[in-house]
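Going by this note's numbering, the residue at position 405 of the sequence shown is 407; the numbering climbs one at a time, nothing skipped. Below: the structure, in structure tokens.
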Amino acid sequence: MTAGALLTAAIALTAPFGEVPFRAAGGAATCLRATGYPGEVVRSTNLGAQFLSATPNGLAPVAGVEPGTSTSGCPEAAAQPSGTGVVAFAGADGVVRAALREPGSAWGEPAEVATAPEFSGGHPLAAAVSERGDALVAFAGGARQRYDVRAVRRAPGAGFAAAETLFTAPERATSRMRVAAGMSAGGESIVAWSFQPAAGRPREVWAATAQAGGAFAAAAKVGTMRPGAEFVLAVGAGGQALLAFAGGGDVLVAERAPGAGFGAPVRVGASSDPILTDTAAAVRPDGGAVVAWVNFIDGDVHAVVRTQVGAFSAPVTLAPKRGPRLPKRFLQPVGEDVGDLSKNAVSPDDEGGVPRAALLPDGRAMVTWAGAARYDDLWWTSPHSVTLPLTGGPTVGQTFGADLRLAGTVTPVVQADGSAAIVWVDNSDDRARDGRLHLALEGAADGADPAPPQLRVIAPKRRVLAADEDLRFRVHCASACDVRAQLGTGVLAPSDERTLRRAGETELRLRQIVQPLATLRGGPVTIRLRYGAPGTRHALGRSVTFDLRRLPDAPRPRVLDAVATRVGDEVVVTWRSDRDARPSNFFAYGTESRSGDRGEFYGDGDVTGSGRRFSVRLKHAEKARYVQIVALAEGARKTDLTTVRIRT
């Protein structure tokens, strides 16, 4: 049974896309994006950016751009059907570099266009280009905790002008920002960004616009978002623009008419997930558009569409709730960093599994995402796509790949003939050595499935496990293979996956998450395996059983008489323990609230001491009001937490 059979019958099931052989990335497969030029995608490499084209034989490299220095974050590239393009890099040296491509020409050499003492956290860089050759690079950076949003522009045929400051974040703003940019065919520039004014306050969305050759208008706040959410900006060639984001329990869309600013956000659907809702959007020159959203934990996906400027349709369900049941403690909001949970991607990509949308020339919208899939109670993350007409009507969905490796970025691509393609990445267990670039083409037949490998399971050497010990066992493949193992059922069941590029052995390691791996009395433990040759769409399954026993928890040291004192921007913390311990039995961090549930953690430092007296000096803890001291012990599943208020 293929993963495609897992989509609900409520969605019209066909198989319009055929998977062609994958391409080995030669390292990590990350930062894969469509550029906007027909059939073209870009990805990050150790040297910079690699551009590839979707062909019947797979993704083929066509060009590379090297900034000549190490970079921070993904390269940001944009292109138009004429071939004009821009790619920007945020250098680790604080320099923003950009390269241009003229129609019919190769990429030029990257040039310095701006500098910043430091780039913000999150997603600080964006780039856009118009059909006629205007280019825009926007970024967030500046002095620590005092970031500006700045933009540099280039008129057709000219060089980049000096940077313009669009916005300066307040002093109490957190360091995580997101910047997005778009351009109309006539050279209108639109820059949007989000930031958190202070720890514990809602994240805000702002925007600024400029006519071609004119200055940017004053920045304006567009709305506020729910914790962990981010916005998406879509700009049409006619200057129509959409900002979509989750705010409170709603999915909101703010719209901009050509030459104007953004209006007030309008509700188009419900942001009902207990943790996170991610959005996607695309808009045509005439205002026809799609806005889609994924509820992260529940797994349901919805979209609204329209054929012209005006109201959107009622929400259409693209995928139903998939129903992974999690303990309540996993469903408590944990602050702004919760958004990272949905982004199953390899560094530096910070937007791996989020939804993406594109519009096809025949009037269909295409939405892609990486989401949960289940077969026989085995859970994994698969690439999904759905197409739907902007006029309304049946949706067509498909899930790709086999249930062996977790999908990262999934991106829709429009081909030169107007057909659709889907590209996605996955990576091996170490997420750096064996990345793959996958392609599925509309109307193509699936490539031949490789022959399955022979698999032999080698029993674990240790049958008695410490309370916090991983279960380790080895498998042998007679040829190249992908292997997944899972103990128990449910989305939080211990699991692991490995890749062998040739015949040999590898170790699988199962870590306890919620329940222990074995009982104190001992007994049979069944592990289910899925395996196949690299690139297969039909994984095989088998089960193995081991007799295992777990030891009781080892005793943990108790924290006594803890005192935290502020010394400038640092916090000095001292305590004693009720038994002899080592520095490795403790770690500490600062929080703004006593409970520490706002997701903002401050301070770093190494615990020192011996015997029963210990201390730590937390640096960069100026915003902390409390210190959390965690006590742990080798051989113990649980930890103890002590909270102490900082003395000034």
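C-beta atoms are modelled at their ideal positions from N, C-alpha and C, and glycine is treated no differently.
Length of the line joining the Cα atoms of residue i and residue j
i: threonine 279; j: glycine 143; result: 27 Å
i: threonine 4; j: proline 204; result: Only weak support exists for where threonine 4 lies, its pLDDT of 35 falling under 50; the value from the coordinates is given anyway. Computed Cα separation, rounded: 42 Å.
i: alanine 480; j: glutamate 509; result: 15 Å
i: methionine 185; j: alanine 422; result: 23 Å
i: serine 586; j: valine 609; result: 8 Å
i: proline 284; j: serine 132; result: Looking at the sequence itself, residue 284 is alanine, so the reference to proline does not match. Roughly 16 Å between the two C-alpha positions.
i: alanine 145; j: valine 477; result: 51 Å
i: threonine 547; j: arginine 486; result: 15 Å
i: glutamate 624; j: serine 612; result: 27 Å
i: glycine 312; j: alanine 259; result: 11 Å
i: alanine 367; j: proline 385; result: 17 Å
i: lysine 223; j: alanine 171; result: 12 Å
i: arginine 435; j: glycine 29; result: 5 Å
i: isoleucine 515; j: tyrosine 533; result: 23 Å
i: glutamate 21; j: arginine 228; result: 37 Å
i: tryptophan 426; j: phenylalanine 141; result: 26 Å
i: tryptophan 295; j: glycine 189; result: 29 Å
i: threonine 567; j: serine 617; result: 11 Å
i: glycine 123; j: proline 462; result: 42 Å
i: glycine 75; j: arginine 376; result: 32 Å
i: serine 55; j: glycine 87; result: 15 Å
i: leucine 494; j: threonine 176; result: 31 Å
i: glycine 445; j: cysteine 33; result: 26 Å
i: glutamate 68; j: threonine 501; result: 30 Å
i: phenylalanine 233; j: glycine 490; result: 37 Å
i: glutamate 78; j: threonine 411; result: 15 Å
With 16 other Cβ atoms within 10 Å as the buried cut-off, status of residue i
i: isoleucine 460; result: exposed
i: proline 105; result: exposed
i: glutamine 310; result: exposed
i: proline 456; result: Proline is not the amino acid found at residue 456; the sequence shown has glutamine there. Exposed is the call here.
i: glycine 251; result: exposed
i: alanine 31; result: buried
i: aspartate 379; result: exposed
i: asparagine 429; result: buried
i: aspartate 549; result: exposed
i: aspartate 405; result: buried
i: glutamate 42; result: buried
i: valine 415; result: buried
i: aspartate 470; result: buried
i: glutamate 499; result: buried
i: proline 119; result: exposed
i: arginine 458; result: exposed
Three-way DSSP call (helix, strand, coil) for residue i in this model
i: asparagine 297; result: strand
i: proline 585; result: helix
i: leucine 61; result: strand
i: glutamine 310; result: strand
i: threonine 644; result: strand
i: arginine 530; result: strand
i: tyrosine 149; result: strand
i: glutamine 517; result: coil
i: alanine 11; result: Model confidence at alanine 11 stands at a pLDDT of 30, short of 50, so the residue's coordinates are unreliable; what they give is reported in the following sentence. Correct three-state label for alanine 11: coil.
i: cysteine 479; result: strand
i: alanine 272; result: strand
i: alanine 92; result: strand
i: serine 612; result: strand
i: aspartate 351; result: coil
i: proline 23; result: strand
i: threonine 176; result: coil
Residue range of the unbroken beta strand (DSSP E) whose run includes residue i
i: histidine 125; result: 123-125
i: tyrosine 377; result: 366-377
i: serine 545; result: 542-552
i: tyrosine 628; result: 628-633
i: valine 653; result: Nothing about residue 653 can be reported from this structure: the residues present for the chain run from 3 to 650 only.
i: arginine 258; result: 252-258
i: serine 497; result: 497-502
i: threonine 226; result: 222-227
i: isoleucine 460; result: 457-460
Those residues which DSSP pairs with residue i across a bridge
i: phenylalanine 162; result: Arg156
i: cysteine 33; result: Looking at the DSSP assignment, cysteine 33 forms no beta bridge with any residue, so it has no partner.
i: leucine 49; result: Looking at the DSSP assignment, leucine 49 forms no beta bridge with any residue, so it has no partner.
i: histidine 440; result: Trp426
i: glutamate 114; result: Arg99
i: glutamine 242; result: DSSP, once it has assigned bridges, lists no residue as partnering glutamine 242.
i: alanine 187; result: Per DSSP, none; premise fails for alanine 187.
i: threonine 211; result: Ile192
i: valine 285; result: Ala291
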